[in-house]
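Undergrad: Protein chains in written order, with the UniProt record's numbering: chain Z, 1 to 311; chain V, 1 to 326; chain X, 1 to 292; chain W, 1 to 265. Glycine included, every Cβ here is placed at the ideal spot set by N, Cα and C.
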Amino acid sequence: MTLDSSEKLGAARTPDGDGTGPGGAADAAAPPPAPRRETAAGIFFRKPLAVFFLAVLAGMVLIALLGPVFGGDPVATGNPSMQPPSSEHLLGTDHLGRDYLARVLHGGRTSLFVGFSVAALCMTLGVVIGSLAGFYGGIIDIVLVKIIEFFQAIPGLVLALVAAAILGANVMVIIAILALTMWTGVARIMRAEAARIAQLGYVESSRSAGFPRWRILASDVLPNAMPPVIVTTTMTVGTAILVESGLAYLGIGDANRPTWGSLLNDAQPYLNSAWWLALFPGLCIFLVVLSVNLLGDALNDALNPTIGRVK
Amino acid sequence: MRPALIHYGRLLASSALLLLVVITVLFLLLEIAPGDPLQAMLGDAPASEEFRDQMVATFGLDQPMWQRYLTYVGNVLTGDLGESIVSRRSVTELIMIRAPYTLIIAVIALIISTIVCLVLGAIAARTRRPWLDGLISGGSLTFFSIPNFWLGLMLIWLFAVVLDWLPASGANAHGEPGIAWQYMILPIVATATSQLALKTRVMRSSTIEALGQDYIDTARSKGLSSDRVLYRHGLPNALLPMITIVGLSVGNLLAGSTLIERVFGWPGMGLLMVDAINEKDNMVVLGVTIVMTVMILIANILTDIVYGLVDPRLRARFTRSGRSAA
Amino acid sequence: MTTTGTPLLQVENLRVHLPTGSRTEVEAVSSVSLAVRRGERVGIVGESGSGKTVTGRAIAGLLPTSPRVRVQGSIRFDGREMVGAPPKAWDQVRSRTVGMVFQDPLTYLNPVMKIGRQVHEAIPPGRQRSGENGDVLHFLSLAGLENVRELAQRFPHELSGGMRQRVLIAIAIAKMPDLLVADEPTTALDATVQQRVLTTLDETVAELDTSLILISHDIAVVAGMTDRIYVMYAGHVVESGRTREVLEKPEHPYTQALLRSVRSLTEDGVELYSIPESLRASWARKEEARAS
Amino acid sequence: MLLEASNASKTFRARRGGTSVDAVVNANLQARPGDFVAIVGESGSGKSTLARMLLGLIPATSGSVALDGTDLASMSKTQRIRYRRTVQAVLQDPAGSLNPRKTVGRIVGEVVRLHNIARGRDAVVDTVAETLELVGMVPAASFLGRFPHELSGGQRQRVLIARAIVLGPRIIVADEAVSALDASVKAGVLQLMDDLRRRLGVGYVFITHDLPVVKKVAEYVYVMKSGEIVEEGTKDQIFTAPEHPYTTTLLSAAPTLAASYGPPE
Chain Z
1 MTLDSSEKLG AARTPDGDGT GPGGAADAAA PPPAPRRETA AGIFFRKPLA
51 VFFLAVLAGM VLIALLGPVF GGDPVATGNP SMQPPSSEHL LGTDHLGRDY
101 LARVLHGGRT SLFVGFSVAA LCMTLGVVIG SLAGFYGGII DIVLVKIIEF
151 FQAIPGLVLA LVAAAILGAN VMVIIAILAL TMWTGVARIM RAEAARIAQL
201 GYVESSRSAG FPRWRILASD VLPNAMPPVI VTTTMTVGTA ILVESGLAYL
251 GIGDANRPTW GSLLNDAQPY LNSAWWLALF PGLCIFLVVL SVNLLGDALN
301 DALNPTIGRV K
Chain V
1 MRPALIHYGR LLASSALLLL VVITVLFLLL EIAPGDPLQA MLGDAPASEE
51 FRDQMVATFG LDQPMWQRYL TYVGNVLTGD LGESIVSRRS VTELIMIRAP
101 YTLIIAVIAL IISTIVCLVL GAIAARTRRP WLDGLISGGS LTFFSIPNFW
151 LGLMLIWLFA VVLDWLPASG ANAHGEPGIA WQYMILPIVA TATSQLALKT
201 RVMRSSTIEA LGQDYIDTAR SKGLSSDRVL YRHGLPNALL PMITIVGLSV
251 GNLLAGSTLI ERVFGWPGMG LLMVDAINEK DNMVVLGVTI VMTVMILIAN
301 ILTDIVYGLV DPRLRARFTR SGRSAA
Chain X
1 MTTTGTPLLQ VENLRVHLPT GSRTEVEAVS SVSLAVRRGE RVGIVGESGS
51 GKTVTGRAIA GLLPTSPRVR VQGSIRFDGR EMVGAPPKAW DQVRSRTVGM
101 VFQDPLTYLN PVMKIGRQVH EAIPPGRQRS GENGDVLHFL SLAGLENVRE
151 LAQRFPHELS GGMRQRVLIA IAIAKMPDLL VADEPTTALD ATVQQRVLTT
201 LDETVAELDT SLILISHDIA VVAGMTDRIY VMYAGHVVES GRTREVLEKP
251 EHPYTQALLR SVRSLTEDGV ELYSIPESLR ASWARKEEAR AS
Chain W
1 MLLEASNASK TFRARRGGTS VDAVVNANLQ ARPGDFVAIV GESGSGKSTL
51 ARMLLGLIPA TSGSVALDGT DLASMSKTQR IRYRRTVQAV LQDPAGSLNP
101 RKTVGRIVGE VVRLHNIARG RDAVVDTVAE TLELVGMVPA ASFLGRFPHE
151 LSGGQRQRVL IARAIVLGPR IIVADEAVSA LDASVKAGVL QLMDDLRRRL
201 GVGYVFITHD LPVVKKVAEY VYVMKSGEIV EEGTKDQIFT APEHPYTTTL
251 LSAAPTLAAS YGPPE
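What follows is the structure, encoded as structure tokens:
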């Protein structure tokens, strides 16, 4: 067993003193405030892996944003075709003689854009619907939960595929479809957290103090519900990039904006002769998704310190 | 037994409703889709008005939308998924031919990944050797992050191109019907790996969670060895959430089959769907989606039944309601 | 503690550090010495945070198994040193010598295992007979439960809180331990149920001639059940002695103050009394100095 | 001023086919400023549900909760705001009655702002500090910036009381407000509550399962069992001549220090 049970032992607390006393004795005599909690950031930045992959992710985003400016023209065809990586073309060239580094850089732009946009949409949708359902309860909860359950029970990925295939060809449409099929994860967690917090004393205290519901939701419920939501959202970035690349690999996507997935689609016929065409885009997807997931794990440890604290 | 009947009755009814909604969504998607199936079918070949009209009549494209919808729903419910606009064959028949290919990969991958994930997850959760937990957790996170179709491509490159040990594509030599075992290995490995990665992560955290519960202290207080505590108390409780995860993974498996079958040219439902998408053979796309939906819904129902049988808290609600003490 | 021969349990200078974060830790128990003779009933009282629960868990070998939990000092059963003993030795002690009754009857039973099996498991392998059922039913009835034959086939969620607490007692006594450690065994129960469970505990311990360590924040509960009492404050034992003597003539100022505040809550005509912070601080300093 | 529950009942509908639960059945109760009224009962007796009805947190299924004859259910918005200021809550702390992300200063201050007790940053801080000192958190300045986890249990309970009395309520509904505290801390908080009653004339509806405490502080007692008030009376009546058998059981079950030294028998 590797779990920390000191929490539940409950005895690792400081003496439960009372804050009174003659004159100014209260402060001096108050128990040393419970061993100051480590900050989430402190826990996070102490993990070398987390910091390393945060840097990798930041680097990838930066390159995707700036790279195309320096990386050359992804559609210029003047080079010899099917060249393996060399000093001139770091990632080689493709069957039309286009510089592959430029193409990979360009592809990353769209992949990352899709990943982050989908995650942002999922978070918005999930937080709104989940918090309304969990906090207000009653009929609102019943209806919204039915909606969440429906979106969960439908074969989301298959439908995303069909919908993208039928409506496809536009990044925005793909983002919308992916968000629609992936938001339930955040919503479910948000709902559970909001429902849990709604039962807590401080929400009842705020209610009996006369605060309006929306205010309690915004100031008491949401801030305390955010940690697991942030972790899930982070993971969603990775999943969205994976799914988008899968769609693009199947040829579903914006033909004008090649992504890592569509590069892999183009590369398959040349697996025999040009390994680099299939290797590098996939490696990029892998690195970004791995970074995002590791980040999510590290955030989870940092924000949710009861699990895995003692290893 | 009545509460159980009511429960499963509800479950069946809501599954049926869900299926109807999916069919409707699909149908509407087709209606608002840009592009015209007739045009796609005819391609760029010049066609006489007569021939066009004949096609329209054959496929009912001239009827109003609601009528086509009702006809389609009626047909689907009787097992008729329509006719492929490209090959002119019955969609049901096409799927019947392809489904076994998909199912064999899915079932084998499901079994392998489930068994291995239980072992790995439990080991990672309880080992006292940090490197072993690190290896398993790190490995599962790594494979969880690899796109499975890219993994497939890399497997082909390594085992078919570089090493030349296994065939790269297809289910049998020279496209003959039937399956030769060598052809199954890579698709199964690619499918099972990503499944395994996800499930191992869940198994690890659910074992850790179970081992952190208070009743583990009770078990320890009995003087049971740590192995017995794990096997008798930790794992049985950790396995409950795994039932849900395994059930949910069927959806992933089927959706993922489109990618894997495209990579390996594996002639299953997924590849049928991918080809149909490219050819705008919409009846086939709809048909495959509906069949996959039905399979996923069946998996959900089975999951629910298994869970109800295994978790005494649910079982008791169904069979011994009212017996619980005050 | 002036007794001839080796006591059943002898704890000397027990000190326990528990991790509170990935780098921080707290000294939950600073200095605890206590002894329990065969057949004796001993109480540990203290406020929350006094270290009484951690002490009880350390004695039952049930502290978290993390390597960052540090136990120093000495815990001896019949003279056998257990601090630093290998897990196997602890398994043996837990399977025969010491049983534990926990506070929260809801979470301390395995939700997916039948009651009968959970009790049966607690009977040491050597003593398990082929007709396992007989023993299980015996211990269940000993713990004051009725309809035990049917009860053994049930799952924990089908039982009330009081019944669950009795099942926990049955599990703890099924090994016929030399020592039973009961940590706030009735705190989570309603007063009417609490009284019945305490009576059961009392009768069971008498029947099996088992020693008892009863840990509670509620002095009234401990007073009615024990021969001797240890008063804990901030990780230290500040006073010990025969229960009646300690309660009637407390010597340590903390015990005096604690009893005064308890009496002020339960007895008429006594003004409500809360221990001033300044006093607490001075005791903490004094105990610190005495221990080091 | 009179806070009154008349035949107030609360039925919780069970989800999906289960039987519904009558949490409170025809409860009649009266509380006035300066009174110390206690509701005693064991878990599941419906005492907390009754408390929430008195606070207007959940509506009564039938019957009414009224302040000076005005039914809570039919109050206008302004009447409701006045009700909130008149009837305040102090809830049990361990359930997390303080938002872990807010400082003491903010927790009390936001109530001050909401009800316009003081305007302007400095005025709000002053009001908060005064109130903290009133509940014995001295010097107040040292507590303003602290988070709940940096306080002891007794201090947290005092912050809750400060948050309630800063509105100048006439009646405080306290649900198990001291149950989880150690004896000494419990005595301290009760002292404070009694002190506030004397100084400010606050009345209490004190909900608890802790009989000795009731005997110590209450003047009038309601005994609840399975949703019903089975007996009511002055403290002396209840403790010396209980009429309902359940009350007798409760009284005999409460362990007291004086009752016995050494093992029974």
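How far does the alpha helix (DSSP H) with arginine 84 of chain W in it extend, from its first residue to its last?
TA: 77-86 is the span of the alpha helix (DSSP H), which, as asked, contains arginine 84 of chain W.
Undergrad: For valine 161 of chain V, return the contacting residues in chain Z, with the cut-off set at a CB-CB distance below 8 Å.
TA: Within 8 Å Cβ-Cβ: Leu271, Asn272 and Trp275.
Undergrad: Kindly indicate which three-state DSSP category histidine 217 of chain X falls into: helix, strand or coil?
TA: In this structure, histidine 217 of chain X counts as coil in the three-state DSSP scheme.
Undergrad: Whose C-beta lies closer than 7 Å to the C-beta of glycine 79 of chain X among residues of the same chain, with five residues either side of it excluded?
TA: Thr6, listed in sequence order.
Undergrad: Just to make sure I have the definition right: I need the residues of chain V whose C-beta is within less than 9 Å of the C-beta of glutamine 92 of chain X. Which are they?
TA: Per Cβ cutoff of 9 Å: Gly223.
Undergrad: In chain V, what lies closer than 9 Å to aspartate 104 of chain X by C-beta?
TA: Under the 9 Å cutoff, chain V gives Asp214.
Undergrad: Go ahead and pull the three-state DSSP assignment for leucine 65 of chain Z.
TA: Of the three classes helix, strand and coil, the one that applies to leucine 65 of chain Z here is helix, per DSSP.
Undergrad: State the Cα-Cα distance for the pair leucine 14 of chain X and isoleucine 216 of chain V, rounded to the nearest angstrom.
TA: Spanning the two alpha carbons is a distance of roughly 25 Å.
Undergrad: With DSSP collapsed to three states, give me the class of proline 22 of chain Z.
TA: Summary for proline 22 of chain Z: the model assigns pLDDT 31, below 50, so the residue's position carries little reliability; its value from the coordinates is reported in the next sentence. Proline 22 of chain Z: coil per DSSP, three-state reduction.
Undergrad: For chain X, find out if any of its Cβ atoms is closer than 9 Å to the Cβ of threonine 249 of chain W; answer yes or no.
TA: Yes, threonine 249 of chain W counts as interfacial toward chain X.
Undergrad: When the Cα of glutamine 72 of chain X is compared with those of X:Pro177, X:Ser66, X:Met82 and X:Ala89, which residue comes out closest?
TA: The option with the nearest alpha carbon to glutamine 72 of chain X is X:Met82.
Undergrad: Does any CB atom of chain V fall closer than 9 Å to the CB of leucine 142 of chain X?
TA: It does not: the Cβ of leucine 142 of chain X has no partner Cβ on chain V nearer than 9 Å.
Undergrad: Would you check if the distance between the CB atom of serine 145 of chain V and the CB atom of asparagine 256 of chain Z is smaller than 9 Å?
TA: Result no, Cβ atoms of serine 145 of chain V and asparagine 256 of chain Z do not sit closer than 9 Å.
Undergrad: What are the start and end residues of each continuous beta strand (DSSP E) run of 3 or more residues lying completely inside the stretch 117-203 of chain W, in chain order?
TA: Fully enclosed beta strand (DSSP E) runs of 3 or longer: 171-175.
Undergrad: Measuring CB to CB, does serine 14 of chain V end up less than 9 Å from valine 284 of chain V?
TA: Contact: no.
Undergrad: With a threshold of 9 Å between beta carbons, is glycine 253 of chain Z in contact with chain V?
TA: No, its Cβ sits nowhere closer than 9 Å to a Cβ of chain V.
Undergrad: Check each residue of the stretch 293-304 of chain V: if its Cβ is closer than 7 Å to any Cβ of chain Z, include it; give the result in chain order.
TA: Result list: Thr293, Ile296 and Asn300.
Undergrad: Determine whether the beta carbon atoms of threonine 65 of chain W and leucine 54 of chain W lie at a separation below 9 Å.
TA: Before going further, note that residue 65 of chain W is valine rather than threonine in the sequence given. Yes.
Undergrad: Leucine 72 of chain W to valine 36 of chain X, Cα distance in whole Å?
TA: If I take the Cα positions, the gap works out to 60 Å.
Undergrad: Between the stretch 89-104 of chain X and the stretch 173-192 of chain X, do at least 3 Cβ pairs fall closer than 8 Å?
TA: Result yes; three or more Cβ-Cβ pairs closer than 8 Å.
Undergrad: Residues in its own chain within less than 6 Å of proline 35 of chain Z by CB, not counting five upstream and five downstream?
TA: Annotation note: pLDDT 43 at proline 35 of chain Z (below 50); position unreliable, coordinate value reported separately. Correct list: empty, nothing qualifies.
Undergrad: For the putative contact between residue 298 of chain W and glycine 203 of chain W, defined by C-beta atoms under 8 Å, what is the C-beta separation to the nearest angstrom?
TA: An answer regarding residue 298 of chain W cannot be provided, because it is not within the stretch 1 to 265 covered by chain W.
Undergrad: Could you pull out every residue in the same chain whose Cβ sits closer than 7 Å to the Cβ of valine 197 of chain X, ignoring the five residues on either side in sequence?
TA: Cβ within range, chain order: Gly162, Gln165, Arg166, Pro185, Thr186 and Leu189.
Undergrad: The stretch 162-188 of chain W: which residues have C-beta closer than 8 Å to a C-beta of chain X, in chain order?
TA: Within the stretch 162-188 of chain W, the qualifying residues are Asp182, Ala183, Ser184, Val185, Lys186, Ala187 and Gly188.
Undergrad: Residues of chain W with a CB under 8 Å from the CB of alanine 191 of chain X: which are they?
TA: Glu42, His209, Leu211, Leu250, Ala253, Ala254 and Pro255, listed in chain order.
Undergrad: Name, please, each residue of chain X whose Cβ falls closer than 7 Å to the Cβ of glutamine 191 of chain W.
TA: Those are Leu272 and Ser274, listed as they occur along chain X.
Undergrad: Express the C-alpha separation of serine 226 of chain V and alanine 58 of chain X in angstroms, rounding to a whole number.
TA: Alanine 58 of chain X and serine 226 of chain V: Cα-Cα distance of roughly 17 Å.
Undergrad: Taking only beta-carbon positions, decide if leucine 101 of chain Z is within less than 9 Å of chain V.
TA: Not one chain V Cβ lies under 9 Å of leucine 101 of chain Z.
Undergrad: Taking the DSSP output, what are the residues bridged to aspartate 71 of chain W?
TA: Its beta-bridge partners are W:Ala66.
Undergrad: My output table needs one value for leucine 9 of chain X: the three-state DSSP class, helix, strand or coil.
TA: Looking at leucine 9 of chain X - three-state DSSP - the assignment turns out to be strand.
Undergrad: Please identify, using Cβ separations under 7 Å, the residues of the stretch 282-294 of chain Z that lie next to chain V, in order along the chain.
TA: Listed in sequence order: Gly282, Ile285, Phe286, Val289, Leu290, Asn293 and Leu294.
Undergrad: Between the stretch 130-138 of chain Z and the stretch 190-197 of chain Z, do three or more beta carbon pairs fall short of 8 Å?
TA: They touch, by the three-pair rule.
Undergrad: So for proline 276 of chain X, helix, strand or coil by DSSP?
TA: The answer is coil: DSSP assigns proline 276 of chain X none of H, G, I, E or B.
Undergrad: For the candidate residues W:Gly153, W:Asp122 and W:His149, whose alpha-carbon lies nearest to that of alanine 141 of chain W?
TA: Of W:Gly153, W:Asp122 and W:His149, the residue nearest in Cα terms is W:Asp122.
Undergrad: Return the bridge partner residues of histidine 17 of chain X from the DSSP annotation.
TA: Bridge partners of histidine 17 of chain X: X:Glu27 and X:Arg70.
Undergrad: Quick one: is methionine 96 of chain V buried, meaning 16 or more other Cβ sit within 10 Å of its Cβ, or exposed?
TA: Counting Cβ neighbours within 10 Å, methionine 96 of chain V comes out exposed, since fewer than 16 surround it.
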